[in-house]
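Colleague: Got a structure for you, written out below as structure tokens; questions coming shortly.
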Amino acid sequence: MPPHGNSSFADDTIEGKGYDSKLVKRLLHYVRPHRRLIFLAMFFMLISSSVELLLPYVTKQGIDKYLARLYQVYTDTPAACDSLFNLEPAEGDFVFLSPDSLLIRKASMDGMDPAVSYLISSGGHLAQETYYLFPADRYEAETGRIQGDYWLVPEKDLGKVPPDKLMSIRGKDVAGITRLALVFMGLLLVSILAGYGHVMTLVVAGQRSMYDVRTELFNHIQTLSLNFFSKNPVGRLVTRVSNDVEALNEMFSAVLVNLVKDFLLVAGTITILLLMDWKLALISLSVLPVFTFISILFRRKTRTIYRKVRKHLAELNSTIAEDISGVKVIQIFRQEKARKQQYLEVNDNYYKISMKQLYVFGVFRPLIEVVAQVGTAIVLIYGGLSAISGALTIGALVAFISYVRQMFRPISDMSEKYNIMQSAMASSERIFNILDTEPEVTQSPDALPPLKLKGEVAFEKVDFRYEEDTPVLRDISFSIAPGKSIALVGPTGAGKSSIISLMTRFWDVDSGRILLDGTDIRDHSVDTLKNNTSIVLQDAFIFSRSVADNIRLSSNLSMEEVRRAADMVQATEFIDKLPHGFDTVMAERGATLSTGQKQLICFARALAHDPRILILDEATSNVDPTTEQLIQRAIDTLMEGRTSIIVAHRLSTIQKCDEILVIDAGRILERGTHQELLAKRGIYYNLYLLQWGNGK
Numbered sequence: 001m002p003p004h005g006n007s008s009f010a011d012d013t014i015e016g017k018g019y020d021s022k023l024v025k026r027l028l029h030y031v032r033p034h035r036r037l038i039f040l041a042m043f044f045m046l047i048s049s050s051v052e053l054l055l056p057y058v059t060k061q062g063i064d065k066y067l068a069r070l071y072q073v074y075t076d077t078p079a080a081c082d083s084l085f086n087l088e089p090a091e092g093d094f095v096f097l098s099p100d101s102l103l104i105r106k107a108s109m110d111g112m113d114p115a116v117s118y119l120i121s122s123g124g125h126l127a128q129e130t131y132y133l134f135p136a137d138r139y140e141a142e143t144g145r146i147q148g149d150y151w152l153v154p155e156k157d158l159g160k161v162p163p164d165k166l167m168s169i170r171g172k173d174v175a176g177i178t179r180l181a182l183v184f185m186g187l188l189l190v191s192i193l194a195g196y197g198h199v200m201t202l203v204v205a206g207q208r209s210m211y212d213v214r215t216e217l218f219n220h221i222q223t224l225s226l227n228f229f230s231k232n233p234v235g236r237l238v239t240r241v242s243n244d245v246e247a248l249n250e251m252f253s254a255v256l257v258n259l260v261k262d263f264l265l266v267a268g269t270i271t272i273l274l275l276m277d278w279k280l281a282l283i284s285l286s287v288l289p290v291f292t293f294i295s296i297l298f299r300r301k302t303r304t305i306y307r308k309v310r311k312h313l314a315e316l317n318s319t320i321a322e323d324i325s326g327v328k329v330i331q332i333f334r335q336e337k338a339r340k341q342q343y344l345e346v347n348d349n350y351y352k353i354s355m356k357q358l359y360v361f362g363v364f365r366p367l368i369e370v371v372a373q374v375g376t377a378i379v380l381i382y383g384g385l386s387a388i389s390g391a392l393t394i395g396a397l398v399a400f401i402s403y404v405r406q407m408f409r410p411i412s413d414m415s416e417k418y419n420i421m422q423s424a425m426a427s428s429e430r431i432f433n434i435l436d437t438e439p440e441v442t443q444s445p446d447a448l449p450p451l452k453l454k455g456e457v458a459f460e461k462v463d464f465r466y467e468e469d470t471p472v473l474r475d476i477s478f479s480i481a482p483g484k485s486i487a488l489v490g491p492t493g494a495g496k497s498s499i500i501s502l503m504t505r506f507w508d509v510d511s512g513r514i515l516l517d518g519t520d521i522r523d524h525s526v527d528t529l530k531n532n533t534s535i536v537l538q539d540a541f542i543f544s545r546s547v548a549d550n551i552r553l554s555s556n557l558s559m560e561e562v563r564r565a566a567d568m569v570q571a572t573e574f575i576d577k578l579p580h581g582f583d584t585v586m587a588e589r590g591a592t593l594s595t596g597q598k599q600l601i602c603f604a605r606a607l608a609h610d611p612r613i614l615i616l617d618e619a620t621s622n623v624d625p626t627t628e629q630l631i632q633r634a635i636d637t638l639m640e641g642r643t644s645i646i647v648a649h650r651l652s653t654i655q656k657c658d659e660i661l662v663i664d665a666g667r668i669l670e671r672g673t674h675q676e677l678l679a680k681r682g683i684y685y686n687l688y689l690l691q692w693g694n695g696k
């Protein structure tokens, strides 16, 4: 059988890829139950993205159709003018001046069929000068000229028109721009509501998915064998359950919420730019290679710095945790200055790398903004020239600039989102490393149904090791009849606690077998083992719950049964003196209780569950002699009528046991009752002399 030492998972040095399809596929397993919310979020996102793409176009229409209502004069034969007019343009696009001349609205040229637009602009029939058109019966001016029913005012002379007359004769334009403004506000409101729906539904789906990940991770950790926890520090496990899951949540809330939308906006914007003016679009996109190069450089730089920041932060947290845990030792040995100096060094390293990270971000952000502004400037220069030459309308130029800025905005965030994705991929890999860790001790598919045991225990030629070539137990054999007691004594590291761990199936034997009521322990169900066994450890663990809850441990024991168990182990006296008696909520790990009081609560806990097999692992090693007498009476009560296995260094606590096993280097060297072992004058006799002095 392989050694029990391969349960360690990947640590914090995992860097993580920006995208890992296998990890994403596994993450989708947690998202799939919430796919309705995801689809709803996508629906809201499509609405929001569509509206955002539409807003610059609405601005273009407002400028070209109402603000810059410019016309050009087209002169040709009457037949040619008639054929153009019969194309059924939009209202106001074509205006007859005379049989051989038309006014063609400049903005309408963008939406025409390319063949018709070419026909109009070629041949020298279209004048380049642009005019504002006003009804002749409503306007008399010192500038412009009247032609037919209209005054034609050159664009360059519009400033000569008095403002009051201008507002009067452009009433339709004012009404039109007002309508478009209301449409714009309505679309903006739709965008806000759709964006809110998109973010909220996706965040809710992410939170629910992370809830499932966190729950599964916690539940899986509960099933892992004890060896897993000996290989992996508690702080690291807490980080996996909290920080790493939070990194996944950040990916949902900060990246996935906007990633698809950003992609659609960029793709949609580029498409619109190409449709509006493909030459100008390609010119504006010329800065993308520079943009991409800077982003890649930033990504590589931040990846290295981010890893160092995480490393130094872990060192800082570790130093703080160590100092808080060992504050008594630090104060007793006057190590405050030394520890302060060590902390300052670690803190200084973290400060320096954090400032370096800020410096990189401080350079990158403005640099990206400069590149984006250069792209806008290019559009302004070339687009402005096109507008001056008449190839592009003012509204189209304004819309073009808006689209270019809209395109660069999500691209500038890509590198930061990549870092979040990278961190999330690393976190998910560490999470899945835990979830992929199989328990070393599992219940057999053919396990017997839960049983009430009599309490017979037998070890038959048991061998066990934690690591390769390091045997811990060798050829261990003994048996205990129901209701009898056995004690395990020996020097530290002899293998006593390992026997207890095998008895409770924290590990399985490498060879040999352990029998409960004549049946291999591996053939019993986990419920049988847990329901019939209770253990009191040397380090009494108290949960941050009430005293009563610490005794019943989520079982259905009534308050009367809880009090009865406390009475039997003589714990009621001190419990009743607590501020709220059995309802007093304990501090972390029972910090406000003495060691003896914590042990008595643990004895009450063991007794309340009425086990057939009782295991006491150094239960009195940390208490004073006075408290030991109180606890010994509690132990006598606990052992009455139960099969008991006691590990002890204090021989005074085991003299009444039916059999004592002396263990050293993983072997049973002596066995017998207290008197029999003293008579042998062997190892047990020498241990007794060390504690009692010549047997007195």
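Going by the numbering used here, the sequence shown opens with residue 1, and the numbers climb by one from there.
Don't be surprised by glycine CBs; every beta carbon is placed ideally from N, CA and C.
Taking C-alpha atoms, which residue in Leu55, Gly124 and Glu52 lies nearest to Tyr702?
Modeller: The requested residue 702 does not occur in the structure, where the chain is confined to residues 1 to 696.
Colleague: Mind checking which residues open and close the beta strand (DSSP E) that includes Thr470?
Modeller: As a first step, residue 470 must be located in the sequence shown, where it is residue number 470. Where Thr470 is concerned, the enclosing beta strand (DSSP E) stretches over Thr470 to Ile480.
Colleague: My understanding is that Phe432 touches Leu23, with C-beta atoms under 8 Å, so please give their C-beta distance in whole angstroms.
Modeller: In the sequence shown, the residue the question calls residue 432 occupies position 432. In the sequence shown, the residue the question calls residue 23 occupies position 23. About 7 Å separates the two Cβ atoms, so the contact holds.
Colleague: Closest to Pro491 by C-alpha separation, out of Thr528, Leu259, Ser412 and Ile663, would be which residue?
Modeller: Here residue 491 corresponds to residue number 491 of the sequence shown, with the count starting at 1. Looking at the Cα atoms, Ile663 is the closest of the given residues.
Colleague: Mind reading off the beta-carbon distance from Val585 to Ser544? Whole number of angstroms is fine, and I expect it under 8 Å.
Modeller: Counting from one through the sequence shown, the residue named residue 585 turns up at place 585. Counting from one through the sequence shown, the residue named residue 544 turns up at place 544. 7 Å between Cβ atoms; contact.
Colleague: How should Ile353 be labelled, buried or exposed, when 16 other C-beta atoms within 10 angstroms of its C-beta is the threshold for buried?
Modeller: Walking along the sequence shown from the start, residue 353 turns up at place 353. The residue is buried, with at least 16 neighbouring Cβ atoms inside 10 Å.
Colleague: For the segment 528 to 537 against the segment 588 to 595, are there 3 or more C-beta pairs whose distance is under 8 Å?
Modeller: Judged by Cβ distances under 8 Å, the segment 528 to 537 makes no contact with the segment 588 to 595, as fewer than three pairs qualify.
Colleague: Checking 8 Å against the spacing of the C-beta atoms, do Ile551 and Val536 come in under that value?
Modeller: What you label residue 551 is simply residue 551 of the sequence shown in a count that begins at 1. What you label residue 536 is simply residue 536 of the sequence shown in a count that begins at 1. Cβ distance not < 8 Å, so Ile551 and Val536 don't count as in contact.
Colleague: Going by the CB atoms, is the gap between Cys602 and Ser485 shorter than 8 Å?
Modeller: Position 485 of the sequence shown, counted from the first residue, corresponds to residue 485. Position 602 of the sequence shown, counted from the first residue, corresponds to residue 602. No, they are not a contact pair.
Colleague: Helix, strand or coil, according to DSSP, for Arg505 in the structure here?
Modeller: Here residue 505 corresponds to residue number 505 of the sequence shown, with the count starting at 1. Arg505 falls in the coil class under three-state DSSP.
Colleague: Leaving out five residues before and five after Asn347 in sequence, what residues of the same chain have Cβ atoms less than 7 Å from its Cβ?
Modeller: As a working mapping, residue 347 is identified with position 347 in the sequence shown. Taken in chain order, the residues that qualify are Leu316.
Colleague: Closer than 8 Å is the cut-off here; do at least three beta carbon pairs connect the segment 400 to 410 with the segment 268 to 279?
Modeller: The segment 400 to 410, when compared against the segment 268 to 279, does touch it at the 8 Å Cβ threshold.
Colleague: Checking the sheet assignment: what are the DSSP bridge partners for Tyr131?
Modeller: As a position in the sequence shown, residue 131 is number 131, starting the count at 1. For Tyr131, which the question treats as bridged, DSSP gives the partners Tyr71 and Pro154.
Colleague: Kindly indicate which three-state DSSP category Arg650 falls into: helix, strand or coil?
Modeller: Taking the sequence shown and counting its residues from 1, the one referred to as residue 650 is at position 650. Arg650: coil per DSSP, three-state reduction.
Colleague: With a threshold of 16 other CB atoms inside 10 Å of the CB of Ile645, please say whether the residue is buried or exposed.
Modeller: As a position in the sequence shown, residue 645 is number 645, starting the count at 1. So Ile645 ends up on the buried side.
Colleague: Just to confirm the assignment, what range does the beta strand (DSSP E) spanning Lys461 have?
Modeller: Position 461 of the sequence shown, counting from 1, holds the residue named residue 461. That run of the beta strand (DSSP E) goes Val457 to Glu467.
Colleague: Indicate the three-state DSSP secondary structure (helix, strand or coil) for Ala487 in the structure shown.
Modeller: Translated into the one-based positions of the sequence shown, residue 487 becomes position 487. Correct three-state label for Ala487: strand.
Colleague: What residue does the beta strand (DSSP E) around Ile272 start on, and which one ends it?
Modeller: By 1-based counting over the sequence shown, the position of residue 272 is 272. Counting along the chain, Ile272 falls outside any beta strand (DSSP E), though it belongs to the alpha helix (DSSP H) covering Val257 to Met276.
Colleague: Does the segment 163 to 172 come close enough to the segment 188 to 198 that 3 or more CB-CB pairs lie under 8 Å?
Modeller: Result no; under three Cβ-Cβ pairs closer than 8 Å.
Colleague: Taking just the CA atoms, how far does Asp100 sit from Arg76?
Modeller: Taking the first residue of the sequence shown as 1, we reach residue 76 at position 76. Taking the first residue of the sequence shown as 1, we reach residue 100 at position 100. As written in the sequence, residue 76 is Asp, which differs from the Arg given in the question. Taking the straight line from one Cα to the other gives about 5 Å.
Colleague: For the segment 511 to 563, which segments carrying the beta strand (DSSP E) assignment without a break, of at least 3 residues, lie completely within its bounds, in sequence order?
Modeller: Here the runs fully enclosed are 511 to 516 and 533 to 536.
Colleague: For Ile476, which of Leu515, Gly455, Glu468 and Leu451 has the nearest alpha-carbon?
Modeller: One-based indexing of the sequence shown puts residue 476 at position 476. Nearest of Leu515, Gly455, Glu468 and Leu451 to Ile476, Cα basis: Leu515.
Colleague: When DSSP builds the beta bridges, which residues end up paired with Ser644?
Modeller: By 1-based counting over the sequence shown, the position of residue 644 is 644. DSSP, once it has assigned bridges, lists Ser485 and Leu614 as partnering Ser644.
Colleague: What is the DSSP secondary structure of Glu670, counted as helix, strand or coil?
Modeller: By 1-based counting over the sequence shown, the position of residue 670 is 670. Three-state DSSP puts Glu670 in a strand.
Colleague: In the DSSP assignment, find the unbroken alpha helix (DSSP H) run with Glu659 in it and report its ends.
Modeller: Here the question's residue 659 lines up with position 659 in the sequence shown. Here Glu659 belongs to no alpha helix (DSSP H); instead the beta strand (DSSP E) covers Glu659 to Asp664.
Colleague: For Gln61, which residues in the same chain have their Cβ closer than 8 Å to its Cβ, ignoring the five residues on either side in sequence?
Modeller: Locating residue 61 in the sequence shown gives position 61, where the first residue counts as 1. Same-chain partners within the cutoff: Leu180 and Gly395.
Colleague: In terms of alpha-carbon separation, which member of Pro33, Leu661, Thr59 and Leu669 lies closest to Gly400?
Modeller: Looking up residue 400 in the sequence shown gives position 400. First, the amino acid is wrong: residue 400 is Phe here, not Gly. Here the closest residue by C-alpha is Thr59.
Colleague: To the nearest angstrom, report how far apart Tyr684 and Asp539 are at their CA atoms.
Modeller: Position 684 of the sequence shown, counting from 1, holds the residue named residue 684. Position 539 of the sequence shown, counting from 1, holds the residue named residue 539. Going from the Cα of Tyr684 to the Cα of Asp539 covers about 25 Å.
Colleague: Helix, strand or coil: how does DSSP classify Phe333 here?
Modeller: The residue labelled residue 333 in the question sits at position 333 within the sequence shown. Three-state result, Phe333: coil.
Colleague: So for Arg105, helix, strand or coil by DSSP?
Modeller: One-based indexing of the sequence shown puts residue 105 at position 105. Strand at Arg105.
Colleague: Out of Gly206, His220, Val379 and Thr223, state which residue places its alpha-carbon closest to the alpha-carbon of Ser253.
Modeller: Sequence index remark: in the sequence shown, residue 253 carries index 253 (1-based). Closest option to Ser253, Cα to Cα, is Gly206.
Colleague: Considering only residues of the same chain and omitting the five flanking positions on each side of Thr643, which have a CB-CB separation below 8 Å?
Modeller: As a position in the sequence shown, residue 643 is number 643, starting the count at 1. So the list reads Gly455, Glu456, Val457, Ile480, Ala481, Pro482, Gly483, Lys484, Ser485, Arg612, Ile613 and Leu614, once near-sequence residues are dropped.
Colleague: Which whole-angstrom value is the C-beta distance of Val569 and Ala604, which I expect to be below 8 Å?
Modeller: In the sequence shown, residue 569 corresponds to position 569, counting from 1. In the sequence shown, residue 604 corresponds to position 604, counting from 1. Correct: roughly 5 Å between the Cβ atoms.
Colleague: Leaving aside the five residues before and after Ala565 along the sequence, list all residues of the same chain whose C-beta is less than 7 Å from its C-beta, in chain order.
Modeller: As a working note, residue 565 is residue 565 in the sequence shown. Excluding residues within five positions, the ones whose Cβ falls inside 7 Å are Ile551, Ala604, Leu607 and Ala608.
Colleague: Of the choices Leu224, Leu248 and Tyr466, whose alpha-carbon is the least far from that of Ser209?
Modeller: Start at 1 with the first residue of the sequence shown, and residue 209 comes out as number 209. For the residues Leu224, Leu248 and Tyr466, the minimum Cα distance to Ser209 belongs to Leu248.
Colleague: Taking C-alpha atoms, which residue in Ala665, Val260, Val255 and Trp278 lies nearest to Gly383?
Modeller: By 1-based counting over the sequence shown, the position of residue 383 is 383. Considering only alpha carbons, the answer is Trp278.
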